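Numbering (the numbering used here), first residue to last: 12 to 212.
The structure is reproduced here in structure tokens:
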């Protein structure tokens, strides 16, 4: 994997996407709920209008791991935009967003998101309770605001590639991943994971 210069990633409608995110961030008044709600609505409107064409590379799955391609990083507002590509069967373990808000839009395909509540913690061991499992279809978007940030994501199809766009409060270079613990009963062990980027054309 390589880190790309996201500011050089160009695609039709790129300026519209940036303007939509800037609008939500600047008009949210620092309120996380207001920012993410506004951004979710703006992102859904963009996807419905079809006014943004992501680079062709984001539709190319990578064997062995889901792809993370950075599309843009705002020097002014600090947020990051990442396209993720999910081959059939690819997904994540339970993870957090390192305390950052995020808006996730399903650009193509169907994405399954399972949310978890933190029930108990003992040092680096966390006990989670599974909550709702939602399937996001093409054109839909959702928000994650800490402390309600624990979740898994997977491609809901066993045949088609799926693509999602993730807009983070700041570029997410690491996160917490939770490995199943021998203790069972919903217990998981926290592992800090550095996140790499795949090249974006």
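Positions of the beta carbon are idealized from the N, C-alpha and C atoms, including for glycine.
Quick caveat: nothing in here was measured; it's all calculated off a predicted structure.
Per DSSP, residue 97 forms a beta bridge with which residues? As a position in the chain shown, residue 97 is number 86, starting the count at 1. DSSP output for residue 97 lists 173 as bridge partner(s).
If we call anything under 8 Å between Cβ atoms a contact, is residue 98 one with residue 69? As a position in the chain shown, residue 98 is number 87, starting the count at 1. As a position in the chain shown, residue 69 is number 58, starting the count at 1. No, these two residues do not count as a Cβ contact at 8 Å.
Nearest residue (CA-CA) to residue 86, options 113, 186, 29: Counting from one through the chain shown, the residue named residue 86 turns up at place 75. The residue among 113, 186, 29 with its C-alpha nearest the C-alpha of residue 86 is 29.
Answer with buried or exposed for residue 191, where buried requires no fewer than 16 other C-beta atoms within 10 angstroms of its C-beta. Sequence index remark: in the chain shown, residue 191 carries index 180 (1-based). With fewer than 16 other Cβ atoms within 10 Å, it is exposed.
If you draw a straight line from the alpha carbon of residue 168 to that of residue 196, how long is it in whole angstroms? Looking up residue 168 in the chain shown gives position 157. Looking up residue 196 in the chain shown gives position 185. The straight-line gap from Cα to Cα measures roughly 29 Å.
Taking 8 Å as the cut-off, does the region 155-172 touch the region 106-114 (at least 3 CB pairs, one atom from each stretch)? Yes, since at least three Cβ pairs between the region 106-114 and the region 155-172 fall closer than 8 Å, the two stretches touch.
Could you spell out the range, first to last residue, of the alpha helix (DSSP H) harbouring residue 194? On the chain shown, residue 194 is found 183 positions in, with the first residue counted as 1. Here residue 194 belongs to no alpha helix (DSSP H), and DSSP marks it neither H nor E.
Does residue 209 pass the burial test, meaning 16 or more other C-beta atoms within 10 Å, or should it be called exposed? Working through the chain shown from its first residue, we reach residue 209 at position 198. Result: buried.
Could you pull out every unbroken alpha helix (DSSP H) segment of at least 4 residues lying fully inside the region 17-48, listed in chain order? Correct list: 25-38.
Segment limits, beta strand (DSSP E) that includes residue 117: Sequence index remark: in the chain shown, residue 117 carries index 106 (1-based). Per DSSP, residue 117 belongs to the beta strand (DSSP E) from 113-119.
Close beta carbons around residue 13, own chain, < 6 Å, minus the five adjacent residues each side: Residue mapping note: residue 13 aligns to position 2 of the chain shown, counting from 1. With a pLDDT of 37 at residue 13, under the threshold of 50, the modelled position of this residue cannot be trusted, and the question is left open.
CA nearest to the CA of residue 78, picked from 42, 187, 165, 202: For the purposes of this step, residue 78 is identified with residue 67 of the chain shown, where counting begins at 1. That would be 165, whose Cα lies nearest to the Cα of residue 78.
In whole angstroms, what separates the C-alpha of residue 170 from that of residue 40? On the chain shown, position 159 is the one that residue 170 refers to. On the chain shown, position 29 is the one that residue 40 refers to. Rounded to the nearest angstrom, the two C-alpha atoms are 42 Å apart.
Is the region 127-135 touching the region 171-186, taking contact as three or more C-beta pairs under 8 Å? At 8 Å Cβ cutoff, the stretches do not touch.
Cα-Cα separation between residue 43 and residue 21, rounded to whole angstroms: Position 32 of the chain shown holds residue 43. Position 10 of the chain shown holds residue 21. Going by the C-alpha atoms only, they are around 28 Å apart.
Spatial neighbours of residue 49 within its chain, please: C-beta separation below 8 Å, excluding the five flanking residues on both sides. As a working mapping, residue 49 is identified with position 38 in the chain shown. Closer than 8 Å at Cβ, skipping near neighbours: 34, 35, 38, 39.
Burial state of residue 53 (16 or more Cβ within 10 Å): On the chain shown, residue 53 is found 42 positions in, with the first residue counted as 1. Counting Cβ neighbours within 10 Å, residue 53 comes out buried, since at least 16 surround it.
Where the beta strand (DSSP E) through residue 129 begins and ends: Here residue 129 refers to the residue found at position 118 of the chain shown. Where residue 129 is concerned, the enclosing beta strand (DSSP E) starts and stops at 122-133.
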